[in-house]
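Asks: Here the sequence shown stands for residues -39 to -1, 1 to 209, numbered as in mature numbering (1 follows the signal peptide of the UniProt record, and there is no 0). Using N, Cα and C, we set each Cβ at its ideal position, and we do this for glycine too. Keep in mind the model is a prediction, meaning the values are calculated, not measured.
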Amino acid sequence: MTTTGERYICCQNQQWARSMKHLTALFTTFALIAVPAAAQDELGDFLEATAAETVPVEQPAADAPIAVSALKKAGGTPPAFIDSPEEVAGLKELQALGAQGEPTIDFVIRADGSITDIVVSKSTGSPELDAVAVALVGQFTAQPGRDAAGNPVDVAAEMPLNFWKDSLAKGQLGEKTCAEFLIDADWHLAMFPDQTIKDMRIWKLTLGAAVLVHPDSFAFKKPTPQDVYDNCQKKPKAGFFKTFMKDA
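And the structure:
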């Protein structure tokens, strides 16, 4: 049975709890009233900014492609081309206009065998011819290089491409006509106005072939570029090498 004293203590405890709850609410209200409105705004802005702020997570940098020479030195296996187009798209059309040269192409053979980052590091002087070179490398099929442990890796490489029209092999020089020489000369002089016909590859090749024709002497009379050019204009169907030797 509950005594009168116990009922009194119980009631006092309940009243005390209600009083403390009421006081806590009042203190909170007074505290907010006591803080200036501007400070409350600043506090709110700070809390919002803190909640919205994200700390950037630094991603590990991807390994840069390794050079072929460095890969070999480390005991790895260089990448290799396993397939390429049989014909270079657009090359014949440009060469028919006299365009030619030897562009150097930089590229990366990825670990999955794809070829990326294709750029011209040494230009032919012709944007169109350079574009043909870039497109060609992009059509190659490659197998990736591998490190010493046999893992495929990204490899940076470069490659010169032979887009020259003439060669001493297979009698190509002997088949060249004066008309073709004139086209090549006009293109070269227009593309490189600070050069002359003597700077053309075909001229240097022909001089070398002429030395082979005169193996006992280097003292044969060398024709002037202008004489050969003028004579080719007179007889465009004539053979270029024969015209060259006639003027020698």
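1. Looking at the structure shown, is Lys83 part of a helix, part of a strand, or coil, going by DSSP?
2. Taking the runs of the beta strand (DSSP E) that are 3 residues or longer, which of them lie wholly in the region 68 to 140?
3. Taking the beta carbon of Ala110 as the centre, do at least 16 other beta carbons fall within 10 Å, making it buried, or is it exposed?
4. I need the straight-line Cα distance from Gly86 to Met152, nearest angstrom please.
5. For the region 166 to 174 and the region 101 to 116, state whether three or more C-beta atom pairs, one from each stretch, are separated by less than 8 angstroms.
6. Return the Cβ separation of Trp125 and Gln61 in integer angstroms, given the expectation that the two are a contact with Cβ distance under 8 angstroms.
7. Does the pairing of the region 191 to 206 with the region 133 to 143 give three or more beta-carbon distances under 8 angstroms?
8. Apply the 10 Å Cβ neighbour rule to Pro40 and answer buried if 16 or more other Cβ atoms are within range, or exposed otherwise.
9. Using the rule of at least 16 other Cβ atoms within 10 Å of the residue's Cβ for burial, across every protein chain shown, is Asp57 buried or exposed?
10. Do you know how far the Cα of Lys182 is from the Cα of Val98?
11. Please check the pair Leu32 and Val95, which I expect to be a contact at CB under 8 angstroms, by giving their CB distance rounded to whole angstroms.
12. The alpha helix (DSSP H) with residue 212 in it runs from where to where?
13. Quick one: measure Cβ to Cβ for His175 and Met161, integer angstroms, because I've assumed they're closer than 8 angstroms.
14. Is Lys134 buried or exposed, if buried means 16 or more other CB atoms sit within 10 Å of its CB?
15. In chain order, what residues of the same chain have a beta carbon less than 6 angstroms from the beta carbon of Pro46, not counting five sequence neighbours either side?
16. Since Gly37 contacts Gly106 with CB under 8 angstroms, what's their CB separation in whole angstroms?
Replies: Result, derived from the coordinates:
1. Strand, per DSSP.
2. At a cut-off of 3 residues, the continuous stretches assigned as beta strand (DSSP E) that sit fully inside the region 68 to 140 are 76 to 83, 102 to 104, 116 to 121.
3. Residue burial is scored here from C-beta neighbours: Ala110 has fewer than 16 other C-beta atoms within 10 angstroms and is therefore classed as exposed.
4. Each residue's alpha carbon lies about 7 angstroms from the other.
5. No, the region 166 to 174 is not in contact with the region 101 to 116.
6. Yes, Trp125 and Gln61 are in contact; Cβ-Cβ is about 5 angstroms, under 8 angstroms.
7. In the pairwise beta carbon analysis, the region 191 to 206 is classified as touching the region 133 to 143: at least three pairs are separated by under 8 angstroms.
8. So Pro40 ends up on the buried side.
9. One detail in the question is off: residue 57 reads as Ala in this sequence, not Asp. Exposure of Ala57 is indicated by the presence of fewer than 16 other C-beta atoms within 10 angstroms of its C-beta.
10. In a straight line, the C-alpha of Val98 is about 44 angstroms away from that of Lys182.
11. Not a contact, Cβ separation roughly 24 angstroms.
12. The structure shown does not extend to residue 212, since the chain is modelled only from -39 to 209, so the question has no answer here.
13. About 21 angstroms separates the Cβ atoms of His175 and Met161, ruling out a contact at the 8 angstroms cut-off.
14. The question names Lys, but residue 134 in the sequence shown is Leu. The residue is buried, with at least 16 neighbouring Cβ atoms inside 10 Å.
15. Once the five neighbours on either side are set aside, the close Cβ partners of Pro46 are Gln100.
16. The Cβ separation is near 6 angstroms, so the contact holds.
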